[in-house]
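Residue numbers (the numbering used here): 35 to 98.
The beta carbon of each residue, even a glycine, is placed where N, CA and C say it ideally should be.
Since this is a predicted model, take the numbers as computed values, not measurements.
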């Protein structure tokens, strides 16, 4: 398990089902990135941009 602090923002198990469906793939990819890529500035950028994308996807699901 990776202890990168940014991974806390990819947690999805507490969400209602309609948001879990959106968030889980991002969380799975974030975990994979954190566990397989070396810890360097580019990995940090990848995770930060993925977090931005996840947040936008969740907002898109909530959009009225």
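1) According to DSSP, is residue 52 helix, strand or coil?
2) Taking its Cβ as the centre, do 16 or more other Cβ atoms sit within 10 Å of residue 133, making it buried, or is it exposed?
3) For residue 80, which three-state DSSP category applies?
4) One question on the structure: do residue 38 and residue 80 come within less than 8 Å of each other, judged by their Cβ atoms?
5) Would DSSP call residue 72 helix, strand or coil?
Put simply:
1) To locate residue 52, count along the chain shown from 1; it is residue 18. Three-state DSSP puts residue 52 in a helix.
2) Shown here, the chain extends from 35 to 98; a query on residue 133 therefore has no answer.
3) Counting from one through the chain shown, the residue named residue 80 turns up at place 46. Three-state DSSP puts residue 80 in a helix.
4) As a working note, residue 38 is residue 4 in the chain shown. As a working note, residue 80 is residue 46 in the chain shown. No, Cβ-Cβ distance for residue 38 and residue 80 is not below 8 Å.
5) Residue 72 sits at position 38 when you count from the first residue of the chain shown. Residue 72 falls in the coil class under three-state DSSP.
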